[in-house]
Structures are given as C-alpha cells and as structure tokens.
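In our numbering, the protein residues as written are 921 to 1184. Read through the structure below, which is laid out as structure tokens, and then see the notes.
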Ligand SMILES: C[S@@+](CC[C@H](N)C(=O)[O-])C[C@H]1O[C@@H](n2cnc3c(N)ncnc32)[C@H](O)[C@@H]1O
C-alpha cells in the first residue's frame, strides 16, 4: 500500500512537470510503406549503428560518402535553381514532432527552404504525410538524431534554426541530450551562416534558464527574451505559429518562454 501511494505521487509529479514530453508513441501501422510513399519529401534517415552512422532512404544517386551532395540535390528538387552559393534561405526545425509548425511556416514563407528533423519516425510520418498531401514544395525531412546533422548539412548554410519545445531532459546525467547544451550549440554555430540565428521556445522555466546560460557561455548574442511570449510585443513567426505542444500548454494557462540567439 505504502509503495503504491508513493509511486502514484511520483507519477503525478512527473505528469504535472513534464506532461507530454515522455509519452510513448506506438509503432504506426504500415510505417515502411507510408514512409516510402513520402520519399520525395525525405532527404534521408540517419541513425547510429555499432560501427558508425547508417544512412538510408537516399535517392538512387545518393551514397553515404556524398551526403552533402544529397542535401544540395534535395534542396534543388524542392526550390529549383539552388546554386553553389545560396539562392534562398534554408531554415531548420529540430524536433519537429508531428510537423504542425513547419507545415504552417513553409506556407507562410514560400521563399524559404525548410528542413525538418525528427528522431521518432512514428511521429515524423504524420508531418511527412501532411506535407505530401498538401503538396507543400519547400519542406524536406531528415528522420534521425540531430547529433549527426553535420554529416549531411554542410557548414555555414543554415540561416535559422527553430527549437520548439525541445525535450528538457531534467536529469543532470541526461544534460548532453538537451538540444541547447554546449556541444549542440557549437555544432549549430558551424552549420549556421554568419548572421544565422536560433529561435527557442519552451514552457519549462528551469530548462529556459539553463539554456540562457548555455547560449551566453557559448558566445551567442541574445535578443527578444520573454517569459510570456503571448503577452509580449514579439511578433513574426515565433508568435504567430503555435506548435502542437505549445497549444497544449496554452490551454492549461502555462506561460511560454522565448528567446532568439544570434551567432556572434
Ligand atoms: C516535446 S516534442 C515537441 C514537438 C514540436 N516541436 C512541438 O512543439 O509540438 C520534442 C520532439 O523532439 C524530438 N527530439 C528530441 N531529441 C531529438 C534529437 N536529438 N534529434 C531529433 N529529434 C529529437 C522528439 O522525438 C520529439 O518529437
């Protein structure tokens, strides 16, 4: 009895503090067929294996030693006319979930090429299927861990990165998985253009404070910092597009923390 009460209390605490972040997603039916049906939106799947990184789902001319080319080609298919330099901005969302944000953003910004990254293919399939069904031309997906993005994204070619409601990983021993920890910020600097920036929003105040410090320690310049985005005068894409998780938190009356970090 005693143990049951304790477990129940702990479960309640976890649910109230980190609701939704650690929900298990059941494997979707016919996942492989559904992913193949969306292959034109999919740059590749990128996963760690014992002896390195496994890349699958490349178009027929793509090989793992030519990943940058695959990247450029996939942008070319999407936007047309992508030259060696940069003909249009490329924006990346890391942890796109079911794609509510990226699918709206791509329609609002047709001149931007979007790359959406999601490690969970059972979640990503919803995003991909929406992009294909609505024939949105300017989104391409990478299914896999953001940790390996530099394998496929060349240096200095991304102008904006969105981190929307990234998992907070509250335990200290999981810090390296936080998408705003030092190693990630260093990697973002390498793939960002000179004036590139990161937009970050989260409901979780402790994670926000951690991230503010991490951005400063890693030499980013911060602007538009808010502890209550939707009661601030911050406008543009951050305020106008509500993500799936944001919607859940707003319904519960939770305030949203927001910042923009510029590469110095
Ligand atoms: C809490 S959800 C937020 C989803 C969406 N951005 C939103 O705001 O509704 C975080 C998402 O990030 C993904 N994710 C977490 N760590 C990741 C990583 N290292 N690489 C790629 N995706 C990651 C998770 O699988 C999850 O779908």
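Virtual Cβ for every residue (Gly too), placed ideally from N, Cα, C.
Three-way DSSP call (helix, strand, coil) for residue i in this model
i            : result
residue 1143 : strand
residue 1080 : strand
residue 1121 : strand
residue 1175 : coil
residue 976  : strand
residue 962  : strand
residue 967  : strand
residue 1109 : helix
residue 863  : Because residue 863 is not part of the residues shown, which for the chain are 921 to 1184, the question remains open.
residue 1152 : coil
residue 994  : helix
residue 1136 : helix
residue 1161 : coil
residue 1100 : coil
Bridge-paired residues (DSSP) for residue i
i            : result
residue 1033 : 1010
residue 1052 : In the DSSP output, where bridge partners are listed per residue, residue 1052 has none listed.
residue 1060 : 1035
residue 1181 : 1118, 1142
Residue i and residue j closer than 9 Å at C-beta
i            : j            : result
residue 1128 : residue 1017 : no
residue 1028 : residue 1162 : no
residue 1141 : residue 1181 : yes
residue 1108 : residue 1183 : yes
residue 1110 : residue 1070 : yes
residue 1101 : residue 1178 : no
residue 1015 : residue 1051 : no
residue 948  : residue 1045 : yes
Minimum C-alpha distance to residue i - residue among the options
i            : options                : result
residue 1042 : 1051, 950, 1021, 1097  : 950
residue 1168 : 1160, 1123, 1136, 1155 : 1123
residue 1009 : 1020, 1026, 1015       : 1026
residue 1175 : 1156, 1045, 1121, 1142 : 1121
residue 990  : 1019, 964, 1053        : 964
residue 974  : 1068, 1137, 1155       : 1068
residue 1080 : 1126, 1164, 1072, 1033 : 1033
CB contact check: residue i to chain D, cutoff 9 Å
i            : result
residue 1095 : This model lacks chain D altogether; it includes just one protein chain.
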